[in-house]
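Undergrad: Sharing a structure below in structure tokens format, with a few things to ask.
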Amino acid sequence: MEKKYKVGYTTGVFDMFHIGHLNILRRAKEQCETLIVGVTTDELCFKRKHKYPIINEQERMAIVKAIRYVDKVVPQTDMDKIRPVKEFGIDAVFVGSDWKGTDAWNQYEKEFAEVGCVVIYLDHTDGISSTILREKLNK
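The following block contains the structure:
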């Protein structure tokens, strides 16, 4: 069956890999021939969230790479969204629906459209996140 998009892209920390992560990757791959996943580096995670992931970036990248829905894993070293779109010829960026309608993603949609890329918002898996898992560990 032919997929709607040729090259898809999504990013994440993917710390403490869980069913929500798997759902995003599966839903993205259902819509594209090739799925490239940017895994946030430890340094970028610390810079943005002021904490390091529990699982280091090499192990997180290995875990994501082993998922059958993923065709290629790249490190996400910064928040530049347009560079990988141009670099990898991405025609669809997949992101959680919680970002839909935000100023930042409304702007990304415009920038991506200029290079022939669309943003696809995927539903979040309720009740699970690495933050929730981290909080459970700390109890």
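Using our numbering, the first residue of the sequence shown is number 101, and each one after it goes up by one. By construction, the Cβ of each residue, glycine as well, lies at the ideal position given by its N, Cα and C atoms.
For Q122, count neighbouring Cβ atoms within 10 angstroms of its own Cβ and tell me buried if that reaches 16, exposed if not.
TA: For clarity, residue 122 is Leu in the given sequence; the question names Gln instead. By the 10 Å Cβ count, L122 comes out exposed.
Undergrad: Just to confirm my understanding: we take K172, look at its own chain, exclude 5 residues before and 5 after, and list those with CB closer than 6 Å. What are they?
TA: If we look at K172 and ignore the five residues flanking it on each side, its Cβ neighbours are I136.
Undergrad: If you run the structure through DSSP and keep just helix, strand and coil, what is V170?
TA: In this structure, V170 counts as coil in the three-state DSSP scheme.
Undergrad: Which two residues bound the contiguous beta strand (DSSP E) that contains V215?
TA: Where V215 is concerned, there is no enclosing beta strand (DSSP E), given that its DSSP letter is neither H nor E.
Undergrad: Taking 9 Å as the cut-off, decide whether the C-beta atoms of T177 and E143 are in contact.
TA: Yes, the pair counts as a contact, with Cβ atoms nearer than the cut-off.
Undergrad: Classify Q158 as helix, strand or coil using the three-state DSSP reduction.
TA: Of the three classes helix, strand and coil, the one that applies to Q158 here is helix, per DSSP.
Undergrad: What number of angstroms, rounded off, separates the C-alpha of V218 from the C-alpha of V174?
TA: If I take the Cα positions, the gap works out to 20 Å.
Undergrad: Taking 9 Å as the cut-off, decide whether the C-beta atoms of G196 and L222 are in contact.
TA: A contact, by the Cβ cut-off of 9 Å.
Undergrad: Per DSSP, what kind of secondary structure is G120 in: helix, strand or coil?
TA: G120: helix per DSSP, three-state reduction.
Undergrad: Which residue comes first and which comes last in the alpha helix (DSSP H) that contains E143?
TA: Start and end: 142-149.
Undergrad: Report yes if the CB atom of C132 is closer than 9 Å to the CB atom of K165, and no otherwise.
TA: Contact flag unset, no.
Undergrad: Which value, in whole angstroms, describes the spacing of the CA atoms of C145 and N156?
TA: When rounded, the distance between both Cα atoms is 11 Å.
Undergrad: Quick one: give me the first and last residue of the beta strand (DSSP E) that F194 is part of.
TA: Element bounds for F194: 192-196.
Undergrad: Excluding the five sequence neighbours on either side, which residues of its own chain have a C-beta within less than 6 Å of the C-beta of G138, listed in chain order?
TA: Hits under 6 Å: T111, V174, Q176.
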